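Have a look at the structure below before the remarks.
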Amino acid sequence: MGKEQNPRRVAENEAMAKTRMLRTSPQKLNLVAAMIRGKKVEKALADLTFSKRRIAGDVKKALQSAIANAENNHNLDVDQLVVAEAWVGKNMTLKRGRPRARGRFGKIMKPFSEITIKVREVDLAAQEAAKKAARKARTDARAGNTAPAETAAEELA
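Each residue of the sequence shown is one higher than the one before, counting from 1 in my numbering.
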């Protein structure tokens, strides 16, 4: 009679990583997280590598950790991974101060943040085919083209 295992916090085709105590504000960190949401992991890593934002390096480490968790702990295919979710949370704030004029004291807040990245394995080939079909249908509708069966029915009427 062993102890029951905790249920997984993520689905079978997902893996996640969390990084805490990042020395930046949640608002600035969320700008970097928004850059990678919904992208393939290769594209997200490239975007983070060449980003000019200081915190992008720490977000890249978190994403690499999520990819490693997917590969080693959940046996997912790295080439089929996309960034399913990336959310930012507030952590502690260091309060510092600075002497100001007339004996006053100016507050300086140094915020910390945390980021959670969830990657999901998807069938990219099927997704690309569906996108292509939707794009073709959209262009056909704009051009006024109709399906051959519809044109044949109109000619008979």
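Beta carbons are placed, not taken as given, at the ideal position from N, Cα and C, and that holds for glycine. Please read these numbers as outputs of a predicted model, since none were measured by experiment.
- A residue is called buried when at least 16 other Cβ atoms come within 10 angstroms of its Cβ; GLU128 does not meet this threshold and is exposed.
- Counting the other Cβ atoms within 10 Å of the Cβ of ASP58 gives 16 or more, which makes it buried.
- Three or more Cβ pairs drawn from the region 80 to 98 and the region 27 to 42 lie within less than 8 angstroms of each other, which places the two stretches in contact.
- Between the alpha carbons of ALA34 and LYS131 lies a gap of roughly 22 angstroms.
- The region 58 to 69 makes contact with the region 17 to 24, as at least three CB pairs between them are under 8 angstroms.
- Residue pairing for ILE117: DSSP places it in a beta bridge opposite ALA17 and ALA86.
- In the three-state DSSP reduction, ARG23 falls in the coil class, being neither helix nor strand.
- Listed in chain order, the alpha helix (DSSP H) runs fully inside the region 43 to 69 amount to none, counting runs of at least 4 residues.
- Shown here, ASN73 sits in coil according to DSSP, grouped into three states, outside any helix or strand.
- Collapsing the DSSP output to three states places ARG96 in a strand.
- One Cα belongs to GLY97, the other to GLU12, and the distance between them is close to 48 angstroms.
- It is roughly 22 angstroms from the alpha-carbon of MET109 to the alpha-carbon of ALA56.
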